[in-house]
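Quick mapping for you: the protein sequence lines, in order, are chains W and R. At position 259 of the first sequence the residue is numbered 258 (numbering that gives the first Met the number 0), and the sequence of numbers has no breaks. At position 147 of the second sequence the residue is numbered 146 (numbering that gives the first Met the number 0), and the sequence of numbers has no breaks. Note that CB positions come from ideal geometry on N, CA and C, so glycine has one too. One structure is given below, encoded as structure tokens.
There are 2 protein chains.
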Amino acid sequence: MGMDNVTVKPHEKLALALEAELAAVNTLIRDRMASKHAPRIPEVTAHLVEAGGKRLRPMLTLAAAKACGYTGPYHIHLAATVEFIHTATLLHDDVVDESAQRRGRPTANLLWDNKSSVLVGDYLFARSFQLMTECNSMRVMHILSGASATIAEGEVLQLTAAQDLSTSEDIYLQVVRGKTAALFSAATEVGGVIADADPTVVQALFDYGDALGVSFQIVDDLLDFEGTGQTGKNIGDDFRERKLTLPMIKAIAKADATERAFWVKTIEKGKQDDGDLDHAINILRKHNALADTRLVALDWADKAKAALLALPESEIRQMLSDIADYVVARLR
Amino acid sequence: MGMDNVTVKPHEKLALALEAELAAVNTLIRDRMASKHAPRIPEVTAHLVEAGGKRLRPMLTLAAAKACGYTGPYHIHLAATVEFIHTATLLHDDVVDESAQRRGRPTANLLWDNKSSVLVGDYLFARSFQLMTECNSMRVMHILSGASATIAEGEVLQLTAAQDLSTSEDIYLQVVRGKTAALFSAATEVGGVIADADPTVVQALFDYGDALGVSFQIVDDLLDFEGTGQTGKNIGDDFRERKLTLPMIKAIAKADATERAFWVKTIEKGKQDDGDLDHAINILRKHNALADTRLVALDWADKAKAALLALPESEIRQMLSDIADYVVARLR
């Protein structure tokens, strides 16, 4: 295979096109996560921020602003804001999920303690608000503070829906819209707002981010059952944590009496024995729950791409569209 | 004793003077802590918000605005914002401290779980930012987002300073300024800012809040050793949690070899036996550490009152001054 056969992934292409801006974002992030008084803070955040995240969310903000012809400096602040909010939620998620690994590395709550994860997460939230105020746009503030509230609301809803076999696809979608899509859509929307784009374009950017985020999370939930384990995530985490994701919800809707008893035992009562995860996956396969979920993810990716048509044609627009394809291509 | 001998406490007097505004704040709080999607949120927050807190911080904002002749509507939003930030930090503190009681009632993390406390705290933080954006004042946003970062920084610093016998009075003051005084000073400062008061008056309000907050926390730390237990706080919590507060720092500075070994055993190594708390209190008494700490608290209360002299004379100013006296009067 020659060089021309090496596939450059869409998010890597976008990263190249936004190279200078991303470097500025990284510098700003490093600068603002510092703390004169509490060295524990940069220790914890460096661990996460340097851990090889793809910077997908900040890239969306940069790309959205660029696609709308923005030439000012504030998309850098907004991209850093979005990454700070994301990192803060990761820190708190790890406490809530009692996770031991994230992106293939031990989590902060394991390396330090839950206390540090909670408080450093709070610090990053506060810093994100400081950063966004620097853009002097009330509209941006409304969007991002609203998104933060929606994220927390989605996480709480997920908490109360866990272990509840009556969780519907609607509730699932609400959780996903909150915990994942709200930040994606805010990331793209503020890119358009800062560029003073037309209302239809701003709406299209919101719709793109929303659909992309939903698709992204559904794929994530699928990979929890059929991933290779190379993503640093363990197969079956959601099953073990009794989190009802779309594949399980679809299978439970079609369960016969024996299967229902199995779900009650493993999810509702949390009694999980050796072999139960394999058995769960077999039930999912039997009811086509994984294949059906894949179709839903593809559908959301299509919605994301369709929304982009309201934007003027450009290389960046094409890259955003390719990202929507790539998000579901993670499923091979 | 006739009615005229019944003492109305200064914060109760202030609450009466601000009755209408406080009612509006309470309505706004109840309105904004609701969540259409996640009923767990108002459950958790109601438990805290209704738990009979004195609303001291929001009263400070209302009083500061009033003392500066403010007649607009936004002091209500700001007061609610300040209470939301306070409530969010309480929820997260209880997780960090693994507390079982707050204000004499079981904590949210005990009634629900740590997860709910973390996520509902995040929700309240986000809602506080939404609320403050409604005031359309960039300066207010800078002050309150800055205060939120300082609070988290102070909490992280406290975490890393715990169990460290070399903690100095300077570090202690830095922790207290962060975890407690930052919100007091922001609460009073934004009251002046929203009223468009003179820079000297705004500075004086900041100084008052800062000194009041420091005094308040020092008294709290003293009550942890000499309180009656009627505040819902257990005597010796800080000692048990190995948190070095001013009385301990003062006693450790004067420790002889035997006492030093005692502090190493109980605080650094965390080996605490029956009778150790009583022994610790005896050492504190021996070195006048409690009496000396009381003098420091009184000194900060005096600073708070002195700052108020930059404000025009008014009934409200007198009440704020009385509150500074009352904060230390809690020590009897």
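### Task
Could you list which residues in chain R have their beta carbon closer than 9 Å to that of TYR207/W, in chain order?
Residue numbering aside, residue 207/W sits at position 208 when the first sequence is read from its first letter. None at all; the shortest Cβ gap to chain R is about 23 Å.
#### Entry: Given 8 Å, three or more beta-carbon pairs between the segment 64 to 82 of chain W and the segment 313 to 320 of chain W
yes
### Query
For GLY212/W, which residues of its own chain have a beta-carbon under 8 Å away from its beta-carbon, when the five flanking residues on both sides are left out?
As a working note, residue 212/W is residue 213 in the first sequence. VAL175, ARG176, THR179, ALA180, ALA181, LEU182, PHE183, SER184, listed in sequence order.
### Query
If LEU221/R sits next to LEU330/R, beta carbons under 8 Å apart, how far is it from one beta carbon to the other, in whole angstroms?
Looking up residue 221/R in the second sequence gives position 222. Looking up residue 330/R in the second sequence gives position 331. Contact holds; Cβ gap of about 6 Å.
### Query
Okay, do the segment 22 to 33 of chain W and the segment 73 to 87 of chain W touch, 3+ Cβ pairs below 8 Å being the bar?
yes
#### Entry: Residue range of the unbroken alpha helix (DSSP H) whose run includes ASP324/W
Your numbering for residue 324/W matches position 325 in the first sequence. Start and end: 314 to 328.
### Residues within the segment 175 to 190 of chain R neighbouring chain W, beta-carbon criterion of under 9 Å
GLY177
### Message
Taking 8 Å as the cut-off, does the segment 277 to 286 of chain R touch the segment 308 to 317 of chain W (at least 3 CB pairs, one atom from each stretch)?
### Response
no
### Query
LYS114/W CB to nearest chain R CB: under 8 Å?
If you number the first sequence from 1, residue 114/W lands on position 115. Answer yes: the Cβ-Cβ gap between LYS114/W and chain R drops below 8 Å somewhere.
### Query
At which residue ranges does the segment 14 to 82 of chain R contain complete alpha helix (DSSP H) runs of 4 or more residues, listed in the order of the chain?
18 to 31, 39 to 48, 55 to 66
#### Entry: Per-residue contacts from ALA125/R into chain W (C-beta, under 7 Å)
Translated into the one-based positions of the second sequence, residue 125/R becomes position 126. In chain order: SER144, SER147, ALA148, ALA151.
### Query
Is it a yes or a no for the segment 33 to 45 of chain W touching the segment 112 to 125 of chain W, going by three-plus beta-carbon pairs under 8 Å?
yes
### Query
Going straight from the alpha carbon of LEU243/W to that of VAL155/W, what length do you get?
On the first sequence, residue 243/W is found 244 positions in, with the first residue counted as 1. On the first sequence, residue 155/W is found 156 positions in, with the first residue counted as 1. Rounded to whole angstroms, LEU243/W to VAL155/W spans 14 Å at the Cα level.
### Task
Using a threshold of 8 Å, state whether the C-beta atoms of LEU123/W and MET32/W are closer than that.
Taking the first sequence and counting its residues from 1, one reaches residue 123/W at position 124. Taking the first sequence and counting its residues from 1, one reaches residue 32/W at position 33. Yes. Within cutoff.
### Query
From the beta carbon of THR6/W, is the nearest beta carbon of chain R less than 8 Å away?
Taking the first sequence and counting its residues from 1, the one referred to as residue 6/W is at position 7. No, its Cβ sits nowhere closer than 8 Å to a Cβ of chain R.
### Query
Cβ of GLN162/R within 8 Å of Cβ of GLU97/R?
Translated into positions along the second sequence, residue 162/R becomes position 163. Translated into positions along the second sequence, residue 97/R becomes position 98. Cβ distance not < 8 Å, so GLN162/R and GLU97/R don't count as in contact.
### Query
Does the beta-carbon of LYS249/R have 16 or more other beta-carbons within 10 angstroms, so that it is buried, or is it exposed?
Within the second sequence, residue 249/R is the residue found at index 250, counting from 1. By the neighbour-count rule (16 or more Cβ atoms within 10 Å), LYS249/R is buried.
### Message
Does GLU154/W come out as helix, strand or coil in the three-state DSSP assignment?
### Response
One-based indexing of the first sequence puts residue 154/W at position 155. Looking at GLU154/W - three-state DSSP - the assignment turns out to be helix.
### Listed by chain order, chain W residues near SER165/R by CB distance under 8 Å
For the purposes of this step, residue 165/R is identified with residue 166 of the second sequence, where counting begins at 1. Within 8 Å Cβ-Cβ: nothing; SER165/R doesn't reach chain W, min ~15 Å.
### Task
Round the Cβ separation of ALA332/W and TRP262/W to the nearest angstrom and send it over; I've been treating them as touching at under 8 Å.
Residue coverage of chain W in this structure runs from 0 to 331, which leaves residue 332/W outside it and unanswerable.
### Task
Report yes or no: is there a C-beta of chain W within less than 8 Å of the C-beta of ILE217/R?
The count along the second sequence starts at 1 and reaches residue 217/R at position 218. Not closer than 8 Å to any Cβ of chain W, the Cβ of ILE217/R fails to qualify, so no.
### Message
Less than 8 Å between the C-beta atoms of ALA309/W and THR187/W, yes or no?
### Response
Along the first sequence, read from residue 1 onward, the residue named residue 309/W stands at position 310. Along the first sequence, read from residue 1 onward, the residue named residue 187/W stands at position 188. Taking 8 Å as the Cβ cut-off, ALA309/W and THR187/W do not qualify as a contacting pair.
### Task
State the Cα-Cα distance for the pair VAL327/R and LEU294/R, rounded to the nearest angstrom.
Here the question's residue 327/R lines up with position 328 in the second sequence. Here the question's residue 294/R lines up with position 295 in the second sequence. Rounded to the nearest angstrom, the two C-alpha atoms are 10 Å apart.
### Message
Distance check for ALA210/W and PHE128/W, CA to CA, integer angstroms please.
### Response
To locate residue 128/W, count along the first sequence from 1; it is residue 129. To locate residue 210/W, count along the first sequence from 1; it is residue 211. If you take the alpha carbons of PHE128/W and ALA210/W, they lie about 25 Å apart.
### Message
Helix, strand or coil, according to DSSP, for ILE248/W in the structure here?
### Response
One-based indexing of the first sequence puts residue 248/W at position 249. Three-state DSSP puts ILE248/W in a helix.
### Task
Specify, as a first and last residue, the run of the alpha helix (DSSP H) that LEU221/R falls within.
Along the second sequence, read from residue 1 onward, the residue named residue 221/R stands at position 222. Run containing LEU221/R: 198 to 225, per the alpha helix (DSSP H) assignment.
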